[in-house]
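Everything below concerns the one structure shown next.
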Amino acid sequence: MPVVPTPFDLANGEAYRIWREAKLEAHPRSLSDLLVEVGDPRQLTSGEHQAIMARCRTANMAIYVGKYREEDKDIPRLMGKQFGLVHLDGNWLADEDGISSLEVAESAETRKDFIPYTNRAIRWHTDGYYNPPARRIWAMVLHCVRPAAQGGDNALMDHEMAYLLLRDENPEFIRALMAPDAMSIPARDDENGVARPTETGPVFLVDPATGALHMRYTARTRSIEWKADDATRAAVAALERLLASDSPFIFRGRLAPGMGLICNNVLHDRSGFSDDPAHPRLLYRARYLDWLDTRK
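Written as structure tokens, this is what we have:
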């Protein structure tokens, strides 16, 4: 159990009641509530930093609206650094600097076999759901250099709000999704053998040091195995219904050039898209092992 008190402990009903009331009162109700206009995202003013932090504190995410449209990876890197995000997840498909250039891969590239590097739709997920515990993705910056000609929209949902709505419907959903064997991602093999071993773990977990809630989830039906019991099946079905609903806590939109998302790895998806060959879609993604500390 967590070392610090947390409202995400099912045994702590009073802490949950107090947190729930404050969360519902403060949470944004539209995408526009998440927007913060900034001058230079690489060097925020005190007011800009406070405005972004305020949105992350209530919804675990903010969308900055900047003026810089250059192909400059310092934008997401320095944006993250200003919020204590410095330890990048240097996954094997990322660029050498640990930041991923999300664009449609050429046919000869290894990346073409992985859906973020295609123009296909991506279902609801949190980033790094296949990572081992030592490489848990806590936060992310997604910066838009060029959007697609058509499509490429995102839906966003605060994972804490998903927890709240599921717990309100039935606390047993949370209990099932916190089980250490709730969700397994089977091993991935390549020509050299096992490239990534099977990863089994919970959907929701609480960091014992901070009391922060982490969510590990994918709506994929392939390459995923759910615990085969009635409680887990019911919980997963409830989560799927929530994400397919018209909940006011699901925000939809598309990043324009110079805009970016900074978040504590909230739930998100991406619609399919088509490119202008002369100006193909390009986003930078920085994924962090650090938590954007919303207690500050």
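Under the working numbering, think of the first position of the sequence shown as 1168, with each following residue one higher. Where is the CB? At the ideal position from N, CA and C, for every residue including glycine.
Less than 9 Å between the beta carbons of residue i and residue j, yes or no?
i: I1230; j: I1417; result: no
i: L1406; j: V1373; result: no
i: G1378; j: F1175; result: yes
i: I1352; j: Y1284; result: no
i: P1314; j: A1423; result: yes
i: N1179; j: W1305; result: no
i: L1269; j: L1450; result: yes
i: G1420; j: D1320; result: yes
i: V1433; j: D1325; result: yes
i: G1318; j: N1286; result: yes
i: A1346; j: T1399; result: yes
i: R1222; j: P1243; result: no
i: F1250; j: M1228; result: no
i: L1198; j: W1291; result: no
Whose C-alpha, out of the options, is nearest the C-alpha of residue i?
i: I1289; options: V1308, G1257 and L1323; result: L1323
i: P1364; options: A1221, P1375 and P1300; result: P1300
i: D1436; options: M1220, S1213 and I1282; result: I1282
i: A1272; options: P1444, D1457 and W1458; result: P1444
i: A1189; options: L1331, P1415, F1340 and A1398; result: L1331
i: D1442; options: A1316, R1209 and S1267; result: A1316
i: R1389; options: R1355, L1344 and A1218; result: R1355
i: R1224; options: G1425, L1380 and R1209; result: L1380
i: L1245; options: R1209, A1411 and L1344; result: R1209
i: C1311; options: Q1217, M1220, A1411 and S1267; result: S1267
i: I1341; options: W1291, L1459 and A1404; result: A1404
i: W1458; options: D1262, A1343 and V1253; result: V1253
Just the Cα atoms here: how many angstroms apart are residue i and residue j?
i: G1265; j: A1453; result: 7 Å
i: R1302; j: D1413; result: 33 Å
i: A1226; j: T1173; result: 17 Å
i: N1238; j: G1427; result: First, the residue type needs correcting, since residue 1238 is Glu and not Asn in the sequence shown. Rounded to the nearest angstrom, the two C-alpha atoms are 13 Å apart.
i: T1461; j: F1440; result: 33 Å
i: A1401; j: E1215; result: 42 Å
i: I1391; j: M1350; result: 7 Å
i: R1187; j: H1446; result: 44 Å
i: Y1183; j: L1309; result: 31 Å
i: L1255; j: L1456; result: 6 Å
i: M1382; j: S1213; result: 30 Å
i: D1397; j: P1415; result: 29 Å
i: W1393; j: R1408; result: 17 Å
i: K1248; j: P1375; result: 24 Å
i: T1385; j: S1438; result: 15 Å
i: D1200; j: A1193; result: 11 Å
i: A1343; j: V1171; result: 22 Å
Across the stretch 1199-1207 and the stretch 1229-1249, are there enough close Cβ pairs to call them in contact, namely three or more that are closer than 8 Å?
Under the 8 Å Cβ criterion, the stretch 1199-1207 counts as touching the stretch 1229-1249, having at least three qualifying pairs.
Residue ranges of each alpha helix (DSSP H) run of no fewer than 4 residues wholly in the stretch 1206-1246, ordered along the chain?
For the stretch 1206-1246, the continuous alpha helix (DSSP H) assignments of 4+ residues that do not extend past its boundaries occur at 1213-1226, in sequence order.
Can you give, in chain order, each stretch of the beta strand (DSSP E) that sits fully within the stretch 1256-1324 and has at least 3 residues?
If one requires a minimum length of 3 residues, the beta strand (DSSP E) runs lying completely within the stretch 1256-1324 are 1267-1269, 1289-1292, 1306-1313 and 1321-1324, in chain order.
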